[in-house]
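Each residue of the sequence shown is one higher than the last, beginning at 684 in our numbering.
Below is one structure, written out as structure tokens; the observations come after it.
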Amino acid sequence: MKDKRGFYYYPFPQNIKIRMYVRKNGSEICFRLWNSDDSKLWEEHGWVPYGAIKQAAGIYRGGSFDPNKAYDIDIARTLIKEHGGKQ
């Protein structure tokens with residue numbers, strides 16, 4: 684899907700108030716979270732390269748948030764490919 688912020692998907696399909704935006708920066712795919720209930724989230728947190736996400740996921744130790752599911756590189760690649768990499 685796409686809107687004025689760019690390409691996005693729902694990382695938690697049961698909660699459509701949260702969107703994960705994706706873009707390509709050079710050869711790297713970056714992610715950025717948006718939540719309609721938290722307007723400052725978008726302003727305070729910038730684009731995060733997938734490499735940094737993988738490093739953080741390596742030290743992840745359980746809990747309710749799974750970074751490998753929320754930051755889905757396969758979905759991101761598909762979105763970017765479907766739109767020819769254009770924002």
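Virtual Cβ for every residue (Gly too), placed ideally from N, Cα, C.
As the crow flies, the alpha-carbon of residue 727 is around 15 angstroms from that of residue 704. When the beta-carbon positions are compared, residue 725 and residue 706 stay at least 9 angstroms from each other. Here DSSP, grouped into helix, strand and coil, assigns residue 730 to coil.
Assigned with DSSP and collapsed to three states, residue 689 falls in strand. The residues 714, 750, 754, in chain order, have a CB closer than 8 angstroms to that of residue 736 in the same chain once the five nearest residues on each side in sequence are set aside.
Annotation: the continuous beta strand (DSSP E) that includes residue 707 extends over 701-708.
Straight across, the Cα-Cα distance linking residue 694 with residue 717 is about 11 angstroms.
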